[in-house]
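Chemist: Attaching a single structure in structure tokens format; questions to follow.
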Amino acid sequence: MMRSMMLTNRCFRAVTPVMSRSGRKIGGVNEIQKMLFRQRPLSTDAAAVEEQERESMPYDVLIVGGGPAGLAASIKLKQLSIAQEKELSVCVIEKGSEIGSHILSGNVFEPRALEELFPDMAPNNDWTKVFKEEQDSHATPVKQDEFLVLSETSSYTIPNILLPPQLNNHGNFIISLGQLCRWLGQKAEDMGVEIYPGFAASEVLFNEDDNGVRGIATRDVGIGKDGKPKSTFERGMELHARQTLFAEGARGSCSELLINKFDLRAGKAPQTYGLGIKEVWEVPEEIHQPGLVQHTLGWPLQSSWNDKLFGGTFLYHQEPNLVLVGLVV
């Protein structure tokens with residue numbers, strides 16, 4: 004189970020015992036509360052609140068975001084530190100209440116990076132068996148690709164030979180990405196990575212010269228609608244690190260701040276964003292086609308090739324009898 008901490012009534016509650024940086028097990032609400040926060044007299048004055056010192060915790064590497072990239076990075080760092088017999092403290096914080104809760108479940112997955120991360124699981128796709136055993140979730144091999152152009156009354160199938168190589172899914176798998184993240188999270192914790200779901204990074208901390216990142220701060224809690232602290236107020240916490248990795252996704256708030264501050268988009272093409280909805284359907288086995296990957300363009304979003312609005316749908320048939328269906332605009 005992920006180590007999970009939640010802030011309730013001015014204290015941290017630990018779902019499971021955690022280990023201190025010295026390796027000592029810490030197992031009670033009071034001990035964790037003492038380690039993470041020292042209670043201070045509350046003030047209803049916003050200016051006084053801002054001046055309250057935040058507690059801090061140091062790490063070698065801090066990773067913001069518990070998605071596939073952040074978790075894979077934490078595992079790789081631990082693998083390298085073990086191979087070189089060097090102690091390395093790695094922490095992952097995730098804004099979701101649990102690892103995987105903010106991941107759109109269901110996708111066509113290329114396993115190359117995962118096989119490089121766990122080479123012992125690469126032969127014969129052994130990772131799929133371990134994934135099924137430990138997460139009770141199927142990794143269904145793609146057996147058939149279809150790409151259709153839709154009109155309001157009919158459809159036309161584009162031959163696979165005319166499709167770009169990115170749409171060739173031979174050797175890929177239909178999986179639940181949320182379940183994959185939960186699995187990676189367990190692997191990371193087994194290697195000694197500290198994972199804290201339910202913590203959002205609200206502020207990037209810079210060094211004294213303002214030209215480098217020294218960590219993040221979590222959000223203050225107990226703020227009223229009027230912006231003033233309530234009786235349940237708690238100051239956020241600072242997490243310091245020698246290296247901070249931002250793995251927030253395509254539109255992370257901290258990442259956007261850093262991109263603007265250091266002008267990282269200079270000379271780059273602008274991002275394109277899509278809005279989508281997705282559902283998971285359970286269908287009768289007689290109409291289920293395990294391994295079918297189907298994409299569409301056209302109706303109901305487009306009537307001609309030069310429409311400003313564009314997008315399409317997808318249908319992924321995952322074992323045992325699930326269909327992952329979505330529309331992206």
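For the record, in the sequence shown the residue sitting at position 233 is 236 according to our numbering, with numbers rising by one throughout. No residue lacks a Cβ here, since even glycine has one placed at the ideal position from N, Cα and C.
Please classify S23: does DSSP put it in a helix, a strand, or coil?
Modeler: Only weak support is given to the placement of S23: the predicted model assigns it a pLDDT of 37, under 50, and the value that follows is read from those uncertain coordinates. Correct three-state label for S23: coil.
Chemist: What ranges does the alpha helix (DSSP H) occupy inside the stretch 169 to 207, keeping only unbroken runs of at least 4 residues that lie completely in it?
Modeler: Those alpha helix (DSSP H) runs which fall completely within the stretch 169 to 207 and span 4+ residues are 180 to 193.
Chemist: Taking the alpha-carbon positions, what's the W186 to F176 distance?
Modeler: Between W186 and F176, the C-alpha separation is close to 16 Å.
Chemist: Could you name each continuous alpha helix (DSSP H) segment of 4 residues or more that falls completely within the stretch 248 to 313, going from the start of the chain to the end?
Modeler: Entirely contained in the stretch 248 to 313, the alpha helix (DSSP H) runs reaching 4 residues are, in chain order, 256 to 264.
Chemist: Going by alpha carbons, who is nearest to I290 out of I219, V67, R245 and L325?
Modeler: Nearest option by C-alpha distance: L325.
Chemist: Applying the criterion that 16 or more other CB atoms from any shown protein chain within 10 Å of the CB defines a buried residue, is G188 buried or exposed?
Modeler: Classification of G188: buried, given that the 10 Å Cβ count is 16 or more.
Chemist: Is it true that the CB of P71 sits closer than 9 Å to the CB of L106?
Modeler: Reading off the sequence shown, one finds Ile at residue 106, where the question assumed Leu. Yes, Cβ-Cβ distance for I106 and P71 is below 9 Å.
Chemist: Return helix, strand or coil for I219, following the three-state DSSP convention.
Modeler: Here I219 sits in strand by DSSP.
Chemist: Let me know if L65 comes out buried or exposed under the rule of 16 or more other beta-carbons within 10 Å of its beta-carbon.
Modeler: By the 10 Å Cβ count, L65 comes out buried.
Chemist: Out of curiosity, what's the CA-to-CA distance linking S258 and V207?
Modeler: If you take the alpha carbons of S258 and V207, they lie about 9 Å apart.
Chemist: Using 8 Å as the Cβ pair cut-off and three pairs as the minimum, do the stretch 169 to 184 and the stretch 144 to 153 touch?
Modeler: With the cut-off at 8 Å, the stretch 169 to 184 and the stretch 144 to 153 touch.
Chemist: Pull the bridge partners of A327 from the DSSP assignment, please.
Modeler: One detail in the question is off: residue 327 reads as Leu in this sequence, not Ala. In DSSP, L327 forms a bridge with V283 and Y319.
Chemist: Which residues bound the beta strand (DSSP E) around K233?
Modeler: That run of the beta strand (DSSP E) goes P232 to E237.
Chemist: In the DSSP output, which residue or residues are listed as bridge partners for E65?
Modeler: In the sequence on display, residue 65 carries Leu and not Glu. According to DSSP, L65 bridges with C94 and T247.
Chemist: In the DSSP assignment, find the unbroken alpha helix (DSSP H) run with Q82 in it and report its ends.
Modeler: That run of the alpha helix (DSSP H) goes P71 to A86.
Chemist: Please report the straight-line C-alpha distance between K79 and I164, rounded to a whole angstrom.
Modeler: Rounded to whole angstroms, K79 to I164 spans 37 Å at the Cα level.
Chemist: Taking just the CA atoms, how far does P293 sit from R24?
Modeler: Confidence in R24 is poor, its pLDDT being 38 and thus under 50, which makes the residue's placement unreliable; the coordinate value appears in the next sentence. Computed Cα separation, rounded: 47 Å.
Chemist: Could you round the C-beta distance between V224 and E237 to whole angstroms and report it? I think they count as a contact, below 8 Å.
Modeler: About 5 Å separates the two Cβ atoms, so the contact holds.
Chemist: For the alpha helix (DSSP H) holding V133, just list the boundary residues, first then last.
Modeler: D129 to Q138 is the span of the alpha helix (DSSP H), which, as asked, contains V133.
Chemist: Looking at the structure shown, is E149 part of a helix, part of a strand, or coil, going by DSSP?
Modeler: Correct three-state label for E149: strand.
Chemist: Is the stretch 259 to 279 touching the stretch 78 to 93 in the sense that three or more CB pairs, one from each, lie closer than 8 Å?
Modeler: Taking 8 Å as the limit for Cβ pairs, the verdict is that the stretch 259 to 279 does not touch the stretch 78 to 93.
Chemist: Whose C-alpha, out of S256, R217 and K264, is nearest the C-alpha of A244?
Modeler: Closest option to A244, Cα to Cα, is R217.
Chemist: Can you tell me which of the three DSSP states N163 falls into?
Modeler: In the structure shown, N163 sits in a helix (DSSP, three-state: H, G or I).
Chemist: Over what stretch of residues does the alpha helix (DSSP H) that includes A142 continue unbroken?
Modeler: From DSSP, A142 is part of no alpha helix (DSSP H); its letter is neither H nor E.
Chemist: Opposite E241 in the DSSP bridges: which residues?
Modeler: Looking at the DSSP assignment, E241 forms a beta bridge with S59 and A220.
Chemist: Considering only their Cβ atoms, is the gap separating G277 from V332 smaller than 9 Å?
Modeler: Closer than 9 Å, so yes.
Chemist: Pull up the distance between the alpha-carbon of V283 and that of V328, whole angstroms please.
Modeler: V283 and V328: Cα-Cα distance of roughly 6 Å.
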